[in-house]
Amino acid sequence: MHPSSRKHRLIHLFLAGLLLVGPTVQASNQEIIEQLLTQDDAPFGVVFEIVERDPDALQWAIPAINRYVQQLRKHFPDIGLAVVSHGREEFALMKNQQVDNAEIHQVVQSLVADDVPVHVCGTHASWRGKTADDFPDYVDVTPAGPTAIHNYEAMGYVLIELKRH
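So in this note's numbering, spot 61 of the sequence shown is number 1493, and the numbers just go up one at a time.
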């Protein structure tokens, strides 16, 4: 096994372990980013998952993701990055929230312009009678958020479950 791929595999195991050990030992989002930045080779990509009960969670989550994207792109310019939101917070990205959540929408537009797709869960939206038409064009309404995350992981993306610390 090539030393680089072995190291890459160990990093993935470490990150997976951090996500499994629970909240008492859970690394902060920034610590996970810093661990990724210590690698010589970039992972294929990183997918940020947001699933919160708090409808205002994007107020802290989107600015944090924007910072992490800047850090990762500075070190790994070609890394694939994506965001999947599939909790109550996703409704802040609806068209009728563009004025009340203008700053969030501006940052999301900037992320998308920088090749960081932002997905929301169509299934979750449908439970509230919402469709893709209720979201602006720069927000991708995927059929199911968990499936989108699984597909990114299958391509080799590292999952970071965003949590407020």
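In this text, a Cβ means the ideal position worked out from N, Cα and C, and glycines have one as well.
Everything numeric in this text was worked out from a predicted model, so none of it was measured.
### Message
Measuring CB atoms only, is the region 1573–1587 touching the region 1504–1518, in the sense that at least three cross pairs come out at less than 8 Å?
### Response
Touching, yes, given that three or more Cβ pairs across the two stretches are closer than 8 Å.
### Best match in D1566, H1507, V1552, I1497 for proximity to Q1530 [C-alpha to C-alpha]
Nearest neighbour of Q1530 by Cα position, chosen from D1566, H1507, V1552, I1497, turns out to be D1566.
### Query
By how many angstroms is the C-alpha of W1492 removed from the C-alpha of K1506?
Annotation: K1506 to W1492 spans about 22 Å, alpha carbon to alpha carbon.
#### Entry: Proximity of I1592 and I1464 at Cβ, strictly below 8 Å
For I1592 and I1464, yes; Cβs fall inside 8 Å.
### Task
Can you give me the Cβ contacts of F1480 inside the same chain, cut-off strictly under 6 Å, excluding the 5 residues immediately before and after it?
Taking C-beta separations shorter than 6 Å and ignoring five residues to either side along the sequence, the partners of F1480 in its chain run I1497, V1515, I1592, L1594, following chain order.
### Task
Output the distance between the C-alpha atoms of Q1471 and C1553, rounded to the nearest integer angstrom.
The straight-line gap from Cα to Cα measures roughly 31 Å.
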